[in-house]
Amino acid sequence: MKKLLETKNLSLTRNDYCIFSDINLDIQEGQLINIYGKNGAGKTSLLKILAGITEHTDGEIIYHNDLDVSTSWRPTTYIGHKYAIKNNLTAYENLYYSLESSNDEQIILDALEVYKMMDYKDSLIKHLSHGQQKRISLMKIITNFAFLYLIDEPYSSLDEDGIKIFNETVQGLLSTGSSVVITNHTEINNIFPNTINYKI
Amino acid sequence: MNYFTKTINKEFKIASRSGYESLMPVIYLFIIMIFFNISISYVSKNIILELLPLMIWISCLLICILNLETIFKEDFEDGTLDQFLIDDTNKEEGVTAKIVAHWLLSNLPVVIVAPLIAMLLGIDYHTSLILFFSLLIGTPTMSLLGSIAAALTVSLKRNKILMSIIVLPLYIPILIFGTSAVNNSYIGINYHSELLFMGVLFLVFLLIAPTICVKALKVSLD
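So the protein sequences, as listed, match chains A and B.
At position 172 of the first sequence (counting the first as 1) the number is 172 in this note's numbering, and the numbers step up by one without a gap.
At position 64 of the second sequence (counting the first as 1) the number is 1064 in this note's numbering, and the numbers step up by one without a gap.
Below you can see the structure in the form of structure tokens.
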């Protein structure tokens, strides 16, 4: 399996307080990594560091750049616990404006279909529930193909059906060779058998 | 639709659904001018006419500072900024589109209305026209410059005062040349060099502000 990213002794310190230290991750093609731990353990910070949004204080991140650039896939898609959607735009418009390079509208319709949100296509986000907003946010996984997906607490606010759809989407991503890193509060062996659980 | 137009289109769509918010700067300008006229109503008409274009200029500058915060704040709060910073798209292009959209929505209405107010209050057509041109060049420069301060302070909760402290000294050259062009026009002497200098300032900040903004946003989100 091709290596996508690895971290060596990654550490984060804020105001002399060590949030985490010596994180050694090895993310390979088609792998699901579940980073779990208690509140304040630094799961979101670690994900943001991997996404390149924030800086680590010590250690090393090695991005393997031998990705197939002939595809329209991007290196990373990050879905944070803020939904990154606009209240005054419709579900469809939010997804359309998040499309990075292509203007392929069919892919948006497909995503709305998969997440069973077609009926809310033209609804403003502010009129949707938190769970529905979360679904719209997670649809960006489908509309923005990437080699590596970094998803912060994907199961929060989702109902049973939403969780099922998300798991199926992740299964689909893994089968196409993408890697997924998620954060969670517990291990998730019962959902994906080959998950690598990493306690932080 | 390319990324630049897509971003501007998106900002316009959001603004069009935000109700009266985009009218606020114009209403604010009207209110300031009413207050100004009330407070100096005892001064002779000639002095008022001389001060009026300058007061309008200062009012526009203050309005420009007041709405600077909105450039990146909403994107920061809803998480869009996080995604923007990791996207592969040209970040400078995205930031420029945001600043352009902000100027079109918040400052252009003021630029259009300000000379009309000046004429209503008795300023001659030519001076009002120069007021319009000086604001047309000056306000985008202020938006570009102000966007850097907005980016630097985006993650702070009460950032308005800090932002004003950062940008006000930097606005001094724009204010000096803007008011000087209007004043020169009023007293009938050459004002071209002032407008030219403002034009140069605008081009310089158009080139450097988006790049500095992207770096400032990264620092702020870290």
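A virtual CB, placed ideally from N, CA and C, is assigned to each residue, including glycine.
Beta bridge counterpart(s) of residue i as assigned by DSSP
i       : result
N34/A   : I182/A and N197/A
L124/A  : T90/A
K1010/B : For K1010/B, which the question treats as bridged, DSSP gives no partner whatsoever.
I61/A   : T7/A
I27/A   : L5/A
I1038/B : Beta-bridge pairing links I1038/B to no other residue.
L12/A   : F20/A
I151/A  : I79/A and I182/A
Beta-carbon proximity check, residue i vs residue j, cutoff 8 Å
i       : j       : result
Y83/A   : S137/A  : yes
I1063/B : Y1028/B : yes
G40/A   : I200/A  : no
T169/A  : I142/A  : yes
E1069/B : A1150/B : yes
A1209/B : S1155/B : no
I79/A   : L1085/B : no
L1145/B : V1110/B : no
G59/A   : L174/A  : no
Y155/A  : V180/A  : no
I23/A   : L10/A   : yes
I1187/B : G1138/B : no
N1107/B : S1134/B : no
N15/A   : T195/A  : no
F192/A  : L4/A    : no
P1140/B : F1202/B : yes
L112/A  : I1014/B : no
L1207/B : L1121/B : no
N87/A   : K126/A  : yes
Counted within 10 angstroms of its Cβ, other Cβ atoms place residue i as buried (16 or more) or exposed
i       : result
Q132/A  : buried
K1157/B : exposed
Q1083/B : buried
T1067/B : Note on residue identity: the sequence assigns Asn, not Thr, to residue 1067/B. Answer is buried; the Cβ neighbour count reaches 16.
V1219/B : exposed
E1194/B : buried
Y1171/B : buried
R135/A  : buried
C18/A   : exposed
T1005/B : exposed
N1190/B : exposed
D1087/B : buried
H1126/B : exposed
E187/A  : exposed
F147/A  : buried
V1182/B : buried
V1095/B : buried
N1159/B : buried
M1091/B : Looking at the sequence provided, one finds Lys at residue 1091/B rather than Met. Burial call: buried.
M1/A    : exposed
Y1079/B : Note that residue 1079/B is Gly in the sequence shown here, rather than Tyr. Label assigned to G1079/B: buried.
E1011/B : buried
I1112/B : exposed
D152/A  : buried
Rounded C-alpha distance that separates residue i from residue j
i       : j       : result
L1044/B : E1050/B : At residue 1044/B the sequence reads Ser, which differs from the Leu that was named. Approximately 10 Å, taken between the alpha carbons.
F1205/B : K1098/B : 15 Å
V69/A   : I61/A   : Confidence at V69/A is low in this model, with a pLDDT of 49, below 50, so its placement is unreliable and the value that follows should be read with caution. Answer to the nearest angstrom: the Cα atoms are 21 Å apart.
K216/A  : H64/A   : Past the edges of chain A, shown from 1 to 200, lies residue 216/A, and the structure says nothing about it.
A1118/B : L124/A  : 40 Å
N197/A  : T57/A   : 24 Å
L50/A   : L25/A   : 10 Å
M1033/B : I1161/B : 23 Å
I107/A  : F145/A  : 11 Å
M1198/B : S1041/B : 32 Å
V114/A  : D161/A  : 11 Å
G1104/B : M1055/B : Note that residue 1104/B corresponds to Leu in the displayed sequence, not to Gly. Taking the straight line from one Cα to the other gives about 22 Å.
F1072/B : L1023/B : 19 Å
E1093/B : Y1003/B : 8 Å
L47/A   : K116/A  : 28 Å
L978/B  : I1123/B : Here chain B covers residues 1001 to 1222 and nothing more, so residue 978/B does not appear.
M139/A  : V1026/B : 39 Å
D159/A  : L12/A   : 33 Å
D119/A  : V1100/B : 34 Å
T1007/B : D1222/B : 24 Å
F1035/B : S1059/B : 11 Å
Neighbouring residues, chain E, relative to residue i (Cβ below 7 Å)
i       : result
T1080/B : Absent from the structure: chain E. Protein chains present are A and B.
Near-chain A residues of the region 1002 to 1018 of chain B - C-beta to any C-beta below 9 Å: Against chain A - using a Cβ distance shorter than 9 Å - the residues of the region 1002 to 1018 of chain B are Y1003, K1006, T1007, N1009, K1010, K1013, I1014, A1015, S1016, R1017 and S1018.
Output needed in chain order: residues of the region 1187 to 1200 of chain B with a Cβ under 7 Å from some Cβ in chain A. Cβ contacts with chain A come from no residue of the region 1187 to 1200 of chain B.
For the region 77 to 110 of chain A, list every residue whose C-beta sits within 9 Å of some C-beta in chain B, in sequence order. Here the close residues are T77, Y78, I79, G80, H81, K82, Y83, A84, I85, K86, N87, N88, L89, E93, Y96, Y97, S98, L99, E100, S101 and N103.
At a Cβ cut of 9 Å, what residues of the region 41 to 59 of chain A count as close to chain B, listed as they run along the chain? Listed by position along the chain: K48, A51, G52, I53, T54 and E55.
Which residues, in order along the region 1142 to 1158 of chain B, keep a beta-carbon less than 7 Å from a beta-carbon of chain A? For the region 1142 to 1158 of chain B, which is checked against every Cβ of chain A, not one residue is closer than 7 Å.
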